[in-house]
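In the numbering used here, the protein residues as written are -7 to 295.
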């Protein structure tokens, strides 16, 4: 039986999940409609479509896992469902972070302004850059599955011992067990972080170089930089919260009667796929205009 505080936390997290599903479904629908209309999908459209699909699956997985742990914790640990959820989460999580990193790299190559020959070479060969990113995704998938199997075995072993508490565990083993399945995700995240940092440098240099130019031209370029930075910085902050939330949920697998801590982790992990989808909508002129038309249509239907 859940306490009042646990019910409230579960309601908040579930609301985040529902909003995240709606936001990502909207992004998916708009890009698919544009694909059908134009009979082709742009690179940014492909990234946003893949990002929306992967985050929809991410939301379903973390929500299913959260409800299963809250209401059927013992049954979940003794069944094969926990293994299926874990492997599926690893695959989808890597895919979601890969699309997020690809979006960061896309904005960096499209908007940043550097004269260095390496940047110019990468900008002219953006297709090869994304081919390299696909290779990174496949390698991180293959590298993360064996450690994930070890973590699942570790969790089941400790869960089977009802007297086992977190302070009886080797904390270094716990940290290593959590870190290694996520090395690929961390690598992709560092790439996104690097792209964001370089974009900030580009904005600073752009403002410095364009001080003597026409203000309208300067504002258009600055606006492009700022919009991209909003997407990238929000992705970084929300992903850190998501990572911390998943770590909290994983930690609770080794604790007894810690549902309220688990639900806090659920709330933190749900923020990332929910909030970032709405940030993408607000920073994209196409998505923003479509959302305004949809809201106006709904308002007219009500009246």
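By construction, the Cβ of each residue, glycine as well, lies at the ideal position given by its N, Cα and C atoms.
How many angstroms separate the CA atom of residue i from the CA atom of residue j?
{"i": "residue 292", "j": "residue 19", "result": "22 Å"}
{"i": "residue 82", "j": "residue 88", "result": "10 Å"}
{"i": "residue 100", "j": "residue 117", "result": "13 Å"}
{"i": "residue 230", "j": "residue 267", "result": "8 Å"}
{"i": "residue 12", "j": "residue 274", "result": "14 Å"}
{"i": "residue -1", "j": "residue 59", "result": "12 Å"}
{"i": "residue 33", "j": "residue -4", "result": "48 Å"}
{"i": "residue 158", "j": "residue 39", "result": "Because residue 158 carries a pLDDT of 44, less than 50, the predicted location of this residue cannot be relied on, and no value is offered for it."}
{"i": "residue 281", "j": "residue 250", "result": "44 Å"}
{"i": "residue 127", "j": "residue -6", "result": "45 Å"}
{"i": "residue 194", "j": "residue 238", "result": "33 Å"}
{"i": "residue 219", "j": "residue 75", "result": "40 Å"}
{"i": "residue 287", "j": "residue 22", "result": "14 Å"}
{"i": "residue 283", "j": "residue 86", "result": "29 Å"}
{"i": "residue 31", "j": "residue 24", "result": "10 Å"}
{"i": "residue 43", "j": "residue 200", "result": "34 Å"}
{"i": "residue 64", "j": "residue 240", "result": "18 Å"}
{"i": "residue 111", "j": "residue 242", "result": "40 Å"}
{"i": "residue 223", "j": "residue 120", "result": "23 Å"}
{"i": "residue 297", "j": "residue 113", "result": "Past the boundaries of the shown model lies residue 297; the chain is included only from -7 to 295, so the question cannot be answered."}
{"i": "residue 105", "j": "residue 123", "result": "23 Å"}
{"i": "residue 109", "j": "residue 289", "result": "49 Å"}
{"i": "residue 279", "j": "residue 285", "result": "10 Å"}
{"i": "residue 228", "j": "residue 28", "result": "32 Å"}
{"i": "residue 276", "j": "residue 214", "result": "15 Å"}
{"i": "residue 196", "j": "residue 178", "result": "27 Å"}
{"i": "residue 156", "j": "residue 257", "result": "Reliability of the predicted coordinates at residue 156 is poor, the pLDDT of 46 falling under 50, and the value obtained from them is presented with this limitation in mind. Answer to the nearest angstrom: the Cα atoms are 21 Å apart."}
{"i": "residue 174", "j": "residue 185", "result": "16 Å"}
Since residue i and residue j are thought to touch, with beta carbons under 8 Å apart, how far apart are those beta carbons, to the nearest angstrom?
{"i": "residue 236", "j": "residue 260", "result": "6 Å"}
{"i": "residue 103", "j": "residue 191", "result": "7 Å"}
{"i": "residue 95", "j": "residue 132", "result": "Residue 95 to residue 132, Cβ: 17 Å. No contact."}
{"i": "residue 92", "j": "residue 135", "result": "With 8 Å as the limit, residue 92 and residue 135 do not qualify as a contact, their Cβ atoms being about 19 Å apart."}
{"i": "residue 244", "j": "residue 232", "result": "At roughly 19 Å, the Cβ-Cβ gap does not stay under 8 Å, so residue 244 and residue 232 are not in contact."}
{"i": "residue 234", "j": "residue 263", "result": "7 Å"}
{"i": "residue 137", "j": "residue 90", "result": "Wrong, their Cβ atoms sit about 16 Å apart, outside the cutoff."}
{"i": "residue 80", "j": "residue 53", "result": "6 Å"}
{"i": "residue 225", "j": "residue 188", "result": "6 Å"}
Please go through the same chain and pick out, in chain order, the residues whose beta-carbon is closer than 6 Å to the beta-carbon of residue i, but skip the five residues on each side of it.
{"i": "residue 55", "result": "9"}
{"i": "residue 49", "result": "84"}
{"i": "residue 47", "result": "16, 88, 265"}
{"i": "residue 270", "result": "15"}
{"i": "residue 183", "result": "93"}
Note the first and the last residue of the continuous alpha helix (DSSP H) segment covering residue i.
{"i": "residue 261", "result": "251 to 275"}
{"i": "residue 11", "result": "-4 to 30"}
{"i": "residue 323", "result": "A question about residue 323 goes unanswered here, because the residues of the chain that appear run from -7 up to 295."}
For residue i, collect the residues of the same chain with a Cβ closer than 7 Å to its Cβ; drop the 5 residues on either side in sequence, then sort them by chain order.
{"i": "residue 107", "result": "none"}
{"i": "residue 36", "result": "98"}
{"i": "residue 26", "result": "37"}
{"i": "residue 115", "result": "101"}
{"i": "residue 216", "result": "103"}
So, for residue i: in the same chain, excluding its five sequence neighbours on each side, which residues have a beta-carbon less than 8 Å away from its beta-carbon?
{"i": "residue 6", "result": "55"}
{"i": "residue 255", "result": "-2, 1, 2, 5, 58, 62"}
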